[in-house]
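This report concerns only the one structure given below.
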């Protein structure tokens, strides 16, 4: 399936802005109006050969707009943050690390294992 210009912009933003040690998957959420504005959710994780399905991921919601024939990201929000940030805000990988740490801490408090997942997720 051919990618839209919005999808290409969204993926480039994730690669160029967030970069770092996290892998990302970008999915379009919904169209807002007649194709001038789109929302995306990017899922970031750190898979390893030992654990290809990470026990926790970070989601980032962002908006891509088409202005003067070019797509650009106007704002984004990292999971757990209450504010939307401007793409000119310097990225801090600690934002992602904190979300992962909170999720893993919560996972340690709430038993979510069953016989199947115990065989798949190393402790």
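In the numbering used here, the protein residues as written are 525 to 647. Glycine is no exception: its CB is placed at the ideal position from the N, C-alpha and C atoms.
Looking at the secondary structure, which residues open and close the beta strand (DSSP E) in which residue 580 lies?
Here residue 580 refers to the residue found at position 56 when the chain shown is read from its first residue. Neither: residue 580 is in no beta strand (DSSP E) and is coded neither H nor E.
Quick one: Cα of residue 526 to Cα of residue 605, how far?
Taking the chain shown and counting its residues from 1, one reaches residue 526 at position 2. Taking the chain shown and counting its residues from 1, one reaches residue 605 at position 81. Answer to the nearest angstrom: the Cα atoms are 33 Å apart.
Just to confirm, is the Cβ distance from residue 600 to residue 586 under 7 Å?
Taking the chain shown and counting its residues from 1, the one referred to as residue 600 is at position 76. Taking the chain shown and counting its residues from 1, the one referred to as residue 586 is at position 62. Yes. Within cutoff.
If I follow the unbroken alpha helix (DSSP H) through residue 533, where does it start and stop?
For the purposes of this step, residue 533 is taken as residue 9 along the chain shown, with counting starting at 1. Per DSSP, the unbroken alpha helix (DSSP H) holding residue 533 starts and ends at 529-537.
Burial state of residue 584 (16 or more Cβ within 10 Å)
Residue mapping note: residue 584 aligns to position 60 of the chain shown, counting from 1. A residue is called buried when at least 16 other Cβ atoms come within 10 angstroms of its Cβ; residue 584 meets this threshold and is buried.
Backbone secondary structure at residue 607 - three-state DSSP:
In the chain shown, residue 607 corresponds to position 83, counting from 1. Residue 607: coil per DSSP, three-state reduction.
Residue 626 versus residue 532 - alpha carbon distance:
As a working mapping, residue 626 is identified with position 102 in the chain shown. As a working mapping, residue 532 is identified with position 8 in the chain shown. Each residue's alpha carbon lies about 31 Å from the other.
Identify whether residue 586 lies in helix, strand or coil by the three-state DSSP scheme.
To locate residue 586, count along the chain shown from 1; it is residue 62. Note: residue 586 maps to strand in three-state DSSP.
According to DSSP, is residue 634 helix, strand or coil?
On the chain shown, position 110 is the one that residue 634 refers to. If DSSP states are grouped into helix, strand and coil, residue 634 belongs with coil.
Helix, strand or coil for residue 625? Go by DSSP, reduced to three states.
Residue numbering aside, residue 625 sits at position 101 when the chain shown is read from its first letter. In the structure shown, residue 625 sits in a helix (DSSP, three-state: H, G or I).
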